[in-house]
Amino acid sequence: MNDQFRFWMTVMVVLFTAACTQEGYEDLESFVRESGTGLKGKVDPLPEIKPPKHFVYQAFEIPDPFSNRRNKQEKSDRDELQPDLKRPKEALENFPLENLAMVGSLRRGEYVFALVKAPDNSVHRVKTGNYLGQNFGLITRVSEEEVKLREITRGSADEWVERASVLMLQTQEQK
Numbered sequence: 009m010n011d012q013f014r015f016w017m018t019v020m021v022v023l024f025t026a027a028c029t030q031e032g033y034e035d036l037e038s039f040v041r042e043s044g045t046g047l048k049g050k051v052d053p054l055p056e057i058k059p060p061k062h063f064v065y066q067a068f069e070i071p072d073p074f075s076n077r078r079n080k081q082e083k084s085d086r087d088e089l090q091p092d093l094k095r096p097k098e099a100l101e102n103f104p105l106e107n108l109a110m111v112g113s114l115r116r117g118e119y120v121f122a123l124v125k126a127p128d129n130s131v132h133r134v135k136t137g138n139y140l141g142q143n144f145g146l147i148t149r150v151s152e153e154e155v156k157l158r159e160i161t162r163g164s165a166d167e168w169v170e171r172a173s174v175l176m177l178q179t180q181e182q183k
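In our numbering, each residue's number is its place in the sequence shown (first place is 1) plus 8.
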């Protein structure tokens, strides 16, 4: 049964292959030749291009709304606000403010010192006038509960911007 099936399959394959090798395509070739004759594509001519009108810009004294320039008075006011890049950095300026934690305070006479813990687990004593964080954070006030500081960062228009920040005392529950 299996040999007989193979025989008939071989015969069928040979017949189908022989049927595909027919070379009589004259009618198809003549149809293609006849259907292509007489057809010509029509392309519209290009439109006439009018030269643009000449325009002279005369509003030189009006500020350009698309430029980043600021007026000279505003620029000079903001340029006064910039960090002192020449002063030596303090130890706590190597860490972002978010990674620092106020863990306590000390009072010596009228002075209040804050105890600030760095990410390397070292504890530093800071007072008003010291610097914290990587954004030139100057400590403006120290109390038993918080450290207030003024940070100077670059704004979106590449100018120095001042912002206030607070480092709160962390209690045992917040740690």
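Positions of the beta carbon are idealized from the N, C-alpha and C atoms, including for glycine.
Worksheet item: Short check: CB of V131 to CB of L123, under 8 angstroms?
Response: Against a cut-off of 8 angstroms, the Cβ pair of L123 and V131 comes out as a contact.
Worksheet entry | Backbone secondary structure at G141 - three-state DSSP | Three-state result, G141: coil.
Worksheet entry | Candidates N107, K97, E152: closest to R115 by CA position | For the set N107, K97, E152, the Cα lying nearest the Cα of R115 is the one of E152.
Practice prompt. Tell me the start and end of each unbroken beta strand (DSSP E) in the stretch 43-112 that is at least 3 residues and wholly inside, in chain order.
Written response: The DSSP assignment places no complete run of the beta strand (DSSP E) inside the stretch 43-112 (cut-off: 3 residues).
Practice prompt. Kindly indicate which three-state DSSP category E34 falls into: helix, strand or coil?
Written response: Secondary structure at E34: helix, using DSSP grouped into helix, strand and coil.
Discussion item. Please tell me whether R171 and E159 are closer than 8 angstroms, where the distance is taken between their beta carbons.
Written reply: Yes, the pair counts as a contact, with Cβ atoms nearer than the cut-off.
Item to complete: Output yes or no for whether 8 angstroms exceeds the beta carbon distance between M110 and L157.
Response: Cβ atoms of M110 and L157: not closer than 8 angstroms.
Worksheet item: Helix, strand or coil: which one does DSSP assign to A126?
Response: In this structure, A126 counts as coil in the three-state DSSP scheme.
Worksheet item: Can you tell which of G112, V134, L105 has its C-alpha closest to the C-alpha of P127?
Response: That would be L105, whose Cα lies nearest to the Cα of P127.
Worksheet item: So which of K50, L89, T136, T45 has the shortest CA-CA distance to G185?
Response: Nothing in the structure corresponds to residue 185, since the chain is present only between 9 and 183.
Worksheet item: Using the rule of at least 16 other Cβ atoms within 10 Å of the residue's Cβ for burial, across every protein chain shown, is G145 buried or exposed?
Response: Per the 10 Å Cβ criterion, buried.
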